[in-house]
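Enquirer: According to the UniProt record's numbering, the sequence shown is numbered sequentially starting from 1. A virtual CB, placed ideally from N, CA and C, is assigned to each residue, including glycine.
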Amino acid sequence: MSEVNNISAPPVPSPCVSLCKMDMERRYCMGCLRTIEEIIAWSKADDVYKRAVWAELPLRRQTIRFDEEE
1 MSEVNNISAP PVPSPCVSLC KMDMERRYCM GCLRTIEEII AWSKADDVYK
51 RAVWAELPLR RQTIRFDEEE
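1. With a threshold of 16 other CB atoms inside 10 Å of the CB of V17, please say whether the residue is buried or exposed.
2. Leaving out five residues on either side along the sequence, give the residues of the same chain with a beta carbon under 8 angstroms from the beta carbon of T63.
3. Can you list, in chain order, the residues of its chain with a C-beta nearer than 6 angstroms to that of E38? Leave out the 5 residues immediately preceding and following it.
4. Please give me, in chain order, every unbroken run of the alpha helix (DSSP H) with length at least 4 that falls completely inside the region 15-70.
5. Counting C-beta neighbours from all protein chains within 10 Å, is the total for L33 16 or more, i.e. buried, or is it exposed?
6. Starting from the C-beta of G31, find all residues in its chain whose C-beta is less than 8 angstroms away, skip the five residues before and the five after it, and write them out in chain order.
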């Protein structure tokens, strides 16, 4: 009989960087790049949802123009 491993994967970390400022044009936080809906859902979301949000963040980062890039 084989042993059952009860090792769980580590939780998916939040992308929050404690810089909470909503970009009203793009509709996401300028700190973590999540939408308000994603921020609200995060604490109860499963890891599949959280990984999907993380996958979107690099695409959103490409839409930001920082002041030093002008």
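Expert: Reading from the atomic positions:
1. Taking the first residue of the sequence shown as 1, we reach residue 17 at position 17. V17 comes out exposed.
2. Counting from one through the sequence shown, the residue named residue 63 turns up at place 63. So the list reads R26, once near-sequence residues are dropped.
3. Your numbering for residue 38 matches position 38 in the sequence shown. Cβ neighbours of E38 beyond the five flanking positions: V53.
4. 36-42, 47-61
5. The residue labelled residue 33 in the question sits at position 33 within the sequence shown. Buried, since its Cβ has 16 or more Cβ neighbours within 10 Å.
6. Residue mapping note: residue 31 aligns to position 31 of the sequence shown, counting from 1. Excluding positions up to five away in sequence, the list reads C16, V17, S18, L19, C20, K21.
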